[in-house]
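The numbers in the sequence shown follow the working numbering, run straight up by one, and end at 680.
Note that beta-carbon positions come from the ideal geometry of N, C-alpha and C, so glycine has one too.
Worksheet: the structure to be examined is printed underneath.
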Amino acid sequence: TVACGVGTTTIDGSGLTQDNTYTVQIIGTDTAGNVGSSNIVSNWRYDNQIATPTLTIGSVTDSAVISVVIGAATDTAHWLLSETQATPNENSSQWLSAKPTIFQLSPGTGTKTVRLWVKDLAGNVSQPATASIILNTALDTTPPTVTLITPAANGADNAIIKISYQLSEPCKNVVLAFGTITVTGSSLTGQYGTNTMTLDGSSLHLVNGQTYTVSLGASDMNGNRSTSTNTNWTYDTEMAMPSFYLMNKLTGSRDYTHMQRVDVSVREHAEAIGWLMTEDSGTPTEAAVVNAKPYEFTLSSGDGTKTVYLWAKDRAGNVSLPATASIVLNSNMDIIPPVVNLISPATSGVDNESIGVVYTISEDAAALVLTFTRTGGTADGSHSYAFGTTCLLAGQHELTISGNERGLQHGAVYSVSLKAVDAFGNSGQGVSTNWRYDSMIGTPTLQLNQGAGYTNAARVAVAVGNDAEATGWLIGTTAGQPRADDSRWLNDEPVSFDLGAGESTRSVYLWTRDSVGNISATATASIVLDTIPATMTLTMPTVDNQNIDVAYQFSEPVATASITFFSLTDVNSPHQILVSTNGGSITLNGTDLNRDGQRTTYDYLKDGATYTVMLEACDLAGNISSRTVAWVYDNSVATPQLTILSGAYTATQTITVNISNDTDTTGWLISETPTT
Numbered sequence: 005t006v007a008c009g010v011g012t013t014t015i016d017g018s019g020l021t022q023d024n025t026y027t028v029q030i031i032g033t034d035t036a037g038n039v040g041s042s043n044i045v046s047n048w049r050y051d052n053q054i055a056t057p058t059l060t061i062g063s064v065t066d067s068a069v070i071s072v073v074i075g076a077a078t079d080t081a082h083w084l085l086s087e088t089q090a091t092p093n094e095n096s097s098q099w100l101s102a103k104p105t106i107f108q109l110s111p112g113t114g115t116k117t118v119r120l121w122v123k124d125l126a127g128n129v130s131q132p133a134t135a136s137i138i139l140n141t142a143l144d145t146t147p148p149t150v151t152l153i154t155p156a157a158n159g160a161d162n163a164i165i166k167i168s169y170q171l172s173e174p175c176k177n178v179v180l181a182f183g184t185i186t187v188t189g190s191s192l193t194g195q196y197g198t199n200t201m202t203l204d205g206s207s208l209h210l211v212n213g214q215t216y217t218v219s220l221g222a223s224d225m226n227g228n229r230s231t232s233t234n235t236n237w238t239y240d241t242e243m244a245m246p247s248f249y250l251m252n253k254l255t256g257s258r259d260y261t262h263m264q265r266v267d268v269s270v271r272e273h274a275e276a277i278g279w280l281m282t283e284d285s286g287t288p289t290e291a292a293v294v295n296a297k298p299y300e301f302t303l304s305s306g307d308g309t310k311t312v313y314l315w316a317k318d319r320a321g322n323v324s325l326p327a328t329a330s331i332v333l334n335s336n337m338d339i340i341p342p343v344v345n346l347i348s349p350a351t352s353g354v355d356n357e358s359i360g361v362v363y364t365i366s367e368d369a370a371a372l373v374l375t376f377t378r379t380g381g382t383a384d385g386s387h388s389y390a391f392g393t394t395c396l397l398a399g400q401h402e403l404t405i406s407g408n409e410r411g412l413q414h415g416a417v418y419s420v421s422l423k424a425v426d427a428f429g430n431s432g433q434g435v436s437t438n439w440r441y442d443s444m445i446g447t448p449t450l451q452l453n454q455g456a457g458y459t460n461a462a463r464v465a466v467a468v469g470n471d472a473e474a475t476g477w478l479i480g481t482t483a484g485q486p487r488a489d490d491s492r493w494l495n496d497e498p499v500s501f502d503l504g505a506g507e508s509t510r511s512v513y514l515w516t517r518d519s520v521g522n523i524s525a526t527a528t529a530s531i532v533l534d535t536i537p538a539t540m541t542l543t544m545p546t547v548d549n550q551n552i553d554v555a556y557q558f559s560e561p562v563a564t565a566s567i568t569f570f571s572l573t574d575v576n577s578p579h580q581i582l583v584s585t586n587g588g589s590i591t592l593n594g595t596d597l598n599r600d601g602q603r604t605t606y607d608y609l610k611d612g613a614t615y616t617v618m619l620e621a622c623d624l625a626g627n628i629s630s631r632t633v634a635w636v637y638d639n640s641v642a643t644p645q646l647t648i649l650s651g652a653y654t655a656t657q658t659i660t661v662n663i664s665n666d667t668d669t670t671g672w673l674i675s676e677t678p679t680t
């Protein structure tokens, strides 16, 4: 009996099956006999057991906090680890809802036994898993902390290698390794804290420029060992000599200056991180080196030749040999640059391989250089031309130079500068921009009559391609590169061409010319001129039945051929069929000219009709010719009439007969056997 209201009860589940899933419903009958039911709970699982887990711990530890590894405990919701409980308390606060990975042992040295129970969602508690470990707090198994400071990762050193490292406790057996090269012994100290020293890289046989992985290993007094590693360290004992020049701030001259303060141009040096510039050629001190690359320098006072020295230092501390540059200081020098006017090549102009150069200079020059610098596209550097002595005098000059010899690129756009330098190094220049070098024109394409192989007309259609640059066209039947002054040049693209008289294969040649006079390579196209139609033969019997024998031949290859049957008495004529262009002998079916196995209105001939049979052909050039013959189609014979004149009876085997209705008959057969 269940009381009215909300309540709980416990039932025996022994009749249920482990791990089966059920639906659950309460059905109740009240005291009046009325039956009611609850909602249905689905997917309820009966679970009355749980597997025993596994517990793994170490055998010896110097720490009371140990690592634990728990396995083989599926469907687990809670875990209990204990040294003191022999039987688990299901309501103990020591149950954990997350699987533990560490456990705190009880104080005191000795063997510790740890038990593990697990509990699932249904409340089942497993059998215990047991493991033991010896706690010995006097045992040290922790390796030292080793930190290698220098040689540093991505760093560099020269032959004097600075070594610096830190140890968290006193250590022994310290080993420093540069790749496979190791350093041991008393040179490497194992003191607690920071240790510093230097090593001679040359005695270690390290290779200049080689990159090494550097590692430092050390063991504490109990033999625990640790290693620190730095990668990409470079052993560098050499420094390349820099390169530079001095330049007059006002005139740009590298030879003369009227000012003590000059500009300095140092060539890019990838290794340098420090610089020293002076007029003193003595060996520099490291303290004198500055980090900034020099862009200016003040010369010592007094006119004369000044020699300046430049050293560079790299990150490894190597100092280069000195680079030198000289310039003449003349406080009274001429500082007015020559005036240069470059007339040709002109801005936005175009020239071919023969470049006309026209210019004026205001004074005699010591040097005169014409430079072509490519702009846009794929850069191909600068191309310079130094003028001879006759071109250095003041005034106007004209000359022609070869663009191909200068290495100029066809189709490239250049900035052209003409620079003149006087005796004191003053320079002036004239510049033309957007000048294009055009040394060739593309080969055009030529097509006659849309690519046909034959023509029956002397005038053919011409299609020209790849001639966007062209301003002139020359077309003809004579090979050989034309001259620029040939009278046959046309100003407009040709659209037709006359092949001339006579039948043969004609080769037509085409050239194009651009605005600067470049003439293209030859474009060629060929076509056969054929104005005479093919001759032919047509042979047929004058009369034929259903199987029509036809023989025909052509005097030349043809593109199409047909045979046509026409008769005034055949209302469905003409009948035309296509035949082989190879000629020969064929047999046609008079009742099925189309050879499709069907009798239709237009593919059979009329019995007894007289036809004009025409063989028509079109040759490869389009010429049409034909041949006709007269022919009768006879596909049947009338049934004859047979009369035996001796009457119905005869006394002899030989009888007299009369045959009628046998007009147009050429043969008779009389037989007592009714076979065909």
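Neighbourhood of residue i by C-beta, 6 Å cutoff - its chain only, sequence neighbours within 5 removed
| i | result |
| --- | --- |
| Ala-329 | Phe-248, Tyr-249, Leu-250 and Val-312 |
| Leu-346 | Tyr-363, Leu-422, Gly-434 and Ser-436 |
| Ala-126 | Asp-51 |
| Ile-44 | Thr-27 and Gln-29 |
| Asn-24 | Tyr-50 |
| Pro-132 | Arg-119 and Trp-121 |
| Ala-424 | Pro-342, Val-344, Ile-365, Ala-369, Leu-372 and Gly-432 |
Contacts around residue i, its chain only, beta-carbon distance under 8 Å, and the 5 residues preceding and following it disregarded
| i | result |
| --- | --- |
| Gly-588 | Ala-555, Tyr-556 and Gln-557 |
| Thr-541 | Ala-555, Tyr-556, Gln-557 and Arg-631 |
| Ser-511 | Thr-481, Ala-483, Thr-528, Ala-529 and Ser-530 |
Strand pairing of residue i, partner residues [DSSP]
| i | result |
| --- | --- |
| His-401 | Tyr-363 |
| Thr-2 | A query on residue 2 cannot be resolved here, the shown segment of the chain reaching from 5 to 680 and no further. |
| Asn-551 | Asn-593 |
| Met-245 | DSSP, once it has assigned bridges, lists no residue as partnering Met-245. |
| Asn-662 | Thr-647 |
| Asp-124 | Thr-80 |
| Asp-502 | Arg-463 |
| Leu-533 | Thr-459 and Ser-508 |
| Phe-107 | Ile-70 |
is_contact[residue i, chain B] using C-beta, thresh 8 Å
| i | result |
| --- | --- |
| Ser-566 | Chain labels in this structure do not include chain B; a single protein chain is all it has. |
Chain-order list of residues whose beta-carbon lies under 7 Å from that of residue i (same chain, five-residue window excluded)
| i | result |
| --- | --- |
| Pro-537 | Asp-623, Asn-627, Ile-628 and Ser-629 |
| Ser-304 | Glu-283 and Lys-310 |
| Ser-86 | Gln-98 and Arg-119 |
| Asn-212 | Tyr-239, Asp-240, Thr-241 and Glu-242 |
Candidates the options, of which the one nearest residue i by Cα
| i | options | result |
| --- | --- | --- |
| Val-435 | Phe-376, Ala-472 and Gly-446 | Phe-376 |
| Leu-412 | Asn-430, Arg-440 and Leu-397 | Arg-440 |
| Asn-113 | Pro-545, Thr-105, Pro-678 and Ile-137 | At residue 113 the sequence reads Thr, which differs from the Asn that was named. Comparing Cα-Cα distances from Thr-113 to each of Pro-545, Thr-105, Pro-678 and Ile-137, the minimum goes to Ile-137. |
| Thr-200 | Ser-191, Ala-634 and Thr-117 | Ser-191 |
| Thr-662 | Ile-581, Thr-647, Leu-673 and Thr-654 | Rather than Thr, the amino acid found at residue 662 in this sequence is Asn. Comparing Cα-Cα distances from Asn-662 to each of Ile-581, Thr-647, Leu-673 and Thr-654, the minimum goes to Thr-647. |
| Gln-264 | Cys-175, Ile-15, Leu-673 and Ile-331 | Ile-331 |
| Val-711 | Gly-399, Gly-381, Asn-430 and Ser-230 | One cannot answer for residue 711 here, as it falls past the ends of the chain, which runs 5 to 680. |
| Pro-57 | Ser-41, Thr-65, Ile-74 and Trp-48 | Ile-74 |
| Tyr-615 | Val-547, Asp-16 and Leu-649 | Val-547 |
| Glu-367 | Ile-165, Asn-336, Ser-650 and His-401 | His-401 |
| Arg-258 | Ile-185, Leu-333, Met-225 and Asn-322 | Leu-333 |
| Ile-61 | Leu-450, Asp-442, Thr-117 and Gly-159 | Thr-117 |
Enclosing beta strand (DSSP E) for residue i [first to last residue]
| i | result |
| --- | --- |
| Trp-83 | 80-86 |
| Phe-569 | 562-570 |
| Phe-428 | Element bounds for Phe-428: n/a, residue is neither H nor E. |
| Cys-175 | 175-182 |
| Ala-133 | 133-139 |
| Asn-158 | Per DSSP, Asn-158 belongs to no beta strand (DSSP E) and is neither H nor E. |
| Trp-279 | 276-282 |
| Arg-265 | 265-270 |
| Val-344 | 344-348 |
| Cys-622 | 614-623 |
| Ala-316 | 308-318 |
| Gly-587 | Note, Gly-587: premise wrong, no beta strand (DSSP E); not H, not E. |
| His-414 | Where His-414 is concerned, there is no enclosing beta strand (DSSP E), given that its DSSP letter is neither H nor E. |
| Arg-229 | 229-239 |
| Ile-628 | 628-637 |
| Thr-217 | 215-224 |
Residue i beta carbon near the ligand FMN (any heavy atom closer than 7 Å)
| i | result |
| --- | --- |
| Thr-287 | In the structure shown, the ligand FMN is absent, as is every other ligand, since no ligand is present at all. |
Taking 8 Å as the threshold, find out whether the segment 210-223 comes into contact with the segment 179-186 through three or more Cβ pairs.
yes
Quick one: any contact between the segment 502-509 and the segment 454-462, if contact means 3 or more CB pairs under 8 Å?
Cβ pair count under 8 Å is three or more, so yes.
Cβ contact (3+ pairs, closer than 8 Å) linking the segment 472-485 and the segment 511-518
Contact between the segment 472-485 and the segment 511-518 is present, because at least three Cβ pairs lie under 8 Å.
The segment 356-372 contacting the segment 446-459, beta-carbon criterion three pairs below 8 Å:
Taking 8 Å as the limit for Cβ pairs, the verdict is that the segment 446-459 does not touch the segment 356-372.
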